[in-house]
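Residue numbers (my numbering): 2 to 173. C-beta atoms are modelled at their ideal positions from N, C-alpha and C, and glycine is treated no differently. Below is one structure, written out as structure tokens; the observations come after it.
Next up, the structure:
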């Protein structure tokens with residue numbers, strides 16, 4: 002079971018931040034991930050991990066959203082950070098739209114199932130236009146962003162989200 006308070010915290014939210022490029026946005030996200038932890042994470046190592054994954058293919062989902070993510074050696078828990086940019090940046094997203102909402106995800110190297118479960122939940126939620134727009138409200142507070150994100154991350158740990166079994170179709 003994923004412990005939400007360990008994954009995400011209010012100090013891992015960047016709001017109204019300026020980034021001049023995709024690389025700079027990922028740097029800022031890496032700092033949020035590293036600085037919001039009690040561990041010995043180095044923001045340069047976090048950046049290297051996230052950017053190495055980015056080189057394999059853009060993590061831009063489309064509609065202005067990207068989820069840079071990576072598996073990190075010697076990490077004992079999943080860590081998440083959120084960044085809302087003041088101005089969108091080019092991100093090589095599937096729809097070629099610039100990105101203003103970034104959700105960074107760092108998982109322990111051996112937690113592939115948890116990684117995929119969280120990514121799947123986040124991708125599904127951020128594919129919903131009404132959900133995305135809640136993050137773009139001009140006067141949304143960091144507390145509100147935190148509440149939205151913790152609710153979403155909680156959904157990733159629900160029994161329905163974590164169940165990989167499906168019922169066989171009825172005989173006809």
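Practice item. List the DSSP bridge partners of residue 81. Key: As a working mapping, residue 81 is identified with position 80 in the chain shown. 106.
Exercise for review: Look up residue 143 in the DSSP assignment and say whether it is helix, strand or coil.
Suggested key: Taking the chain shown and counting its residues from 1, the one referred to as residue 143 is at position 142. The answer is helix: DSSP assigns residue 143 an H, G or I state.
Review point. For residue 73, does the three-state DSSP call read helix, strand or coil?
Key: Translated into the one-based positions of the chain shown, residue 73 becomes position 72. Assigned with DSSP and collapsed to three states, residue 73 falls in strand.
Exercise for review: May I ask you to list the residues that DSSP assigns as paired with residue 47?
Suggested key: Locating residue 47 in the chain shown gives position 46, where the first residue counts as 1. None; residue 47 has no bridge partner.
**Study point:** Any C-beta of chain D under 9 Å from that of residue 136
**Key:** Protein chain content of the structure displayed is limited to a single chain, and chain D is not contained in it.
Practice item. Identify whether residue 67 lies in helix, strand or coil by the three-state DSSP scheme. Key: The residue given as residue 67 occupies position 66 in the chain shown. Residue 67: strand per DSSP, three-state reduction.
Practice item. Identify which residue in 136, 147, 54 and 83 has its Cα closest to the Cα of residue 35. Key: Along the chain shown, one-based indexing puts residue 35 at 34. Considering only alpha carbons, the answer is 83.
Check your understanding: Between which two residues does the beta strand (DSSP E) harbouring residue 18 extend?
Key -> Taking the first residue of the chain shown as 1, we reach residue 18 at position 17. Taken as a continuous stretch (DSSP letters only), the beta strand (DSSP E) holding residue 18 covers 14–18.
Check your understanding: Can you tell me whether residue 91 is buried or exposed, with buried defined as 16 or more other CB within 10 angstroms of its CB?
Key -> For the purposes of this step, residue 91 is taken as the residue at position 90 of the chain shown. The residue is exposed, with fewer than 16 neighbouring Cβ atoms inside 10 Å.
**Study point:** Closest by C-alpha distance to residue 8, when choosing among 17, 109 and 65
**Key:** Here residue 8 refers to the residue found at position 7 of the chain shown. Checked all of 17, 109 and 65; the closest Cα to residue 8 is 109.
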